[in-house]
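Letter 20 of the sequence shown, counting from 1, is numbered 20 in this note's numbering, and no numbers are missing.
These notes concern the structure reproduced below.
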Amino acid sequence: MIVPVILSGGSGSRLWPLSRKQFPKQFLALTGEKSMFQQTLLRLARLGTAAPIVVCNEEHRFLVSEQLAGVRQLADSILLEPFGRNTAAAVAMAALRLLREGRDELLLVLPADHLLEEGDVLDRAVAAAKRAAENGHMALFGIKPTRPETGYGYIRAAARDAGLPQNVLPVQQFIEKPELARAQSFVDSGDYYWNSGMFLFRASQFLSELQTHEPDIYDTCQLALEKSCEDLAFVRIDAETFACCPENSIDYAVMERTEKACVVPLDSQWNDIGSWQSLWESSDKDGNGNALRGDALVRDSHNCLVHSSGKLVTVLGMQDTVVVETRDALLVAPRERSQEVKQLVDQLNQLERTETKQHCHVSRPWGIYESVHVGERFQVKHITVNPGASLSLQMHHHRAEHWIVVSGTAQVTRDEKTFLLTENQSTFIPMTAVHRLSNPGKIPLQLIEVQSGGYLGEDDIERLEDVYGRVALNED
């Protein structure tokens, strides 16, 4: 049986302002109605694999759960990294967990944020990689290049080897991001493939190679798993131990050093959506090459990407330009310089701007909240609580809150009292009052919350009880 390992890390910097640290690109619906993470899940369902292991950042755990539920998928397990240590450690944690359960399965390692064409080509490539992995090889999927791309790594394939299954080739060389002329020569030769970052190998085989070439990663991950704990549907990786783990990718740690590497050619449309330029390349376009999403209108413009998250965005007389609007930020840049957005985000982080970390629209395990307006000593939020869901029992030391129900029914706990509120009714939560908001109904509860006080930060929460395991964490 093939067990997928979905790698769902990311800092949310390359597709800013749409992508944020707390809501990176894999959870965004960039090319359709489903997010790239959900598209990856649905792709696996068509391949007939086992339930996936998802490795993600701890602060994304409820996004992962929500998006799994959104496509009616279940995970084998969700491993929570307290911080990223690159792909070698992430896959090692998944492989070690399986072996601890007595399951030495084949692992299909997939990034959560890649676009990949569905169909028979993918089915055949996975089948060929499976045959290779069953014979002790470690397969890497190589994408047939369609252009001289300088932002990808390349794999040079050797001549056909009788020891490998049909449609599987030996790896001769790994090449990091080449200059344009060299990349063109790779495309012309036909012997080179883009390194997709997708792999298929047996769990024990990967761990054996990792132990040989990077014993520090292997030993640290083994100890981190032993000290990890189960929390609801999650496995929390021990932070103190994991902090000692060296950072390295699967490619550098294992694939470039093992003698068992092979490449499975995949002649398919593929894109890692690593920039606004690559999203433009993968998007449907009008007759002038413009890729438009949301409430966008262009005139006398060519080869632009325009993304509106809410406002009407109009573009006049522009060429090769990226325009991305969100409620709290606007990006305008030449399309060819979209790789530099990461440096722009670094600059914003140095200025301690919050716009790089989260959207005005924030997902929580109980629902969502949206910041409507922030002023001097007050803030207005629109809160939606899912049917049957409940916020934590908590108190605030620096702010009071007014709640006005817009629709649905609210069950309010305030100190010793518990009561119901319905549409157009309201209540006041004084500073330091112990309180909880719940939705006992069958439709979403929507309310307007007005906060007032000297400090309105999300970390002004003393959580007393919580069904989502967040008592020790500063989350709303």
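Idealized CB from N, CA, C, for every residue including glycine.
message = If you reduce the DSSP assignment to three classes, tell me which class Met-431 lands in.
response = coil
message = Quick check on the burial criterion: 16 or more other C-beta atoms within 10 angstroms. Buried or exposed for Asn-424?
response = exposed
request  = Leaving out five residues on either side along the sequence, give the residues of the same chain with a beta carbon under 7 Å from the beta carbon of Trp-280.
outcome  = Ala-291, Leu-305, Arg-335
ask   = Among Glu-214, Pro-145, Thr-212, Thr-413, which one has its Cα closest to the Cα of Asp-188?
value = Pro-145
request  = Spell out a yes or no on whether the stretch 269-278 and the stretch 246-258 are touching, meaning 3 or more CB-CB pairs, one atom from each, closer than 8 Å.
outcome  = no
ask   = If you count every other CB in all the chains shown that lies within 10 Å of the CB of Pro-326, and 16 or more means buried, which is it?
value = The amino acid at residue 326 is misidentified as Pro; the sequence shows Thr. So Thr-326 ends up on the buried side.
query = What residues are listed by DSSP as bridge partners for Ile-175?
reply = Tyr-154
message = Under 8 Å: do the stretch 442-453 and the stretch 375-386 share three or more Cβ pairs, one atom per stretch?
response = yes
ask   = For chain D, is any of its Cβ atoms less than 8 Å away from the one on Arg-14?
value = Of the protein chains in this structure there is only one, and it is not chain D.
key: Secondary structure of Gly-142, DSSP reduced to three states   = strand
request  = Within the same chain, show all residues whose beta-carbon is closer than 7 Å to that of Lys-227, passing over the 5 residues directly before and after it, in chain order.
outcome  = Asp-238, Thr-241
inquiry  = Rounded to the nearest angstrom, what separates Gln-67 and Phe-37 at their Cα positions?
reply    = 8 Å
ask   = Cβ of Asp-191 within 8 Å of Cβ of Arg-156?
value = yes
Straight-line Cα distance separating Asp-219 from Glu-230 = 21 Å
Cut-off 8 Å between Cβ atoms - residues of its own chain near Ser-301, not counting five sequence neighbours on either side = Asn-288, Asn-290, Val-315, Leu-316, Gly-317, Met-318, Gln-319, Thr-321
request  = Identify every run of the alpha helix (DSSP H) within the stretch 38-89, keeping only runs that are complete inside it and at least 4 residues long; order them along the chain.
outcome  = 61-70
ask   = Can you tell me whether DSSP reads Tyr-468 as helix, strand or coil?
value = coil
query = Just reading off the alpha helix (DSSP H) that His-213 is part of, what are its end residues?
reply = 203-213
key: Pick from Leu-98, Arg-97, Ala-133 that is closest to Val-264, judged by C-alpha positions   = Ala-133
message = Going by DSSP, what residue range makes up the beta strand (DSSP E) through Trp-403?
response = 399-407
request  = Taking the CB atoms as reference points, tell me whether Cys-294 and Ser-275 lie closer together than 8 Å.
outcome  = What sits at residue 294 in the sequence shown is Gly, not Cys. Taking 8 Å as the Cβ cut-off, Gly-294 and Ser-275 do not qualify as a contacting pair.
key: C-alpha distance - Val-54 paired with Val-5, whole-angstrom precision   = 6 Å
ask   = Which value, in whole angstroms, describes the spacing of the CA atoms of Ala-69 and Tyr-468?
value = 16 Å
ask   = If you check the beta carbons only, do Ala-51 and Leu-74 fall under 8 Å apart?
value = yes
ask   = Where do the N-terminal and C-terminal ends of the alpha helix (DSSP H) with Thr-241 fall, by residue?
value = 239-242
Alpha-carbon spacing of Arg-61 relative to Ala-181, whole angstroms = 43 Å
request  = Measure the C-alpha to C-alpha separation of Ala-183 and Glu-149 and round it to an integer number of angstroms.
outcome  = 6 Å
ask   = Expressed to the nearest angstrom, what Euclidean distance is found between the alpha-carbon atoms of Lys-260 and His-137?
value = 5 Å
ask   = Between which two residues does the beta strand (DSSP E) containing Phe-234 stretch?
value = 234-236
message = Which of the three DSSP states is assigned to Met-255 in this structure?
response = helix
Neighbourhood of Gly-197 by C-beta, 6 Å cutoff - its chain only, sequence neighbours within 5 removed = Pro-111
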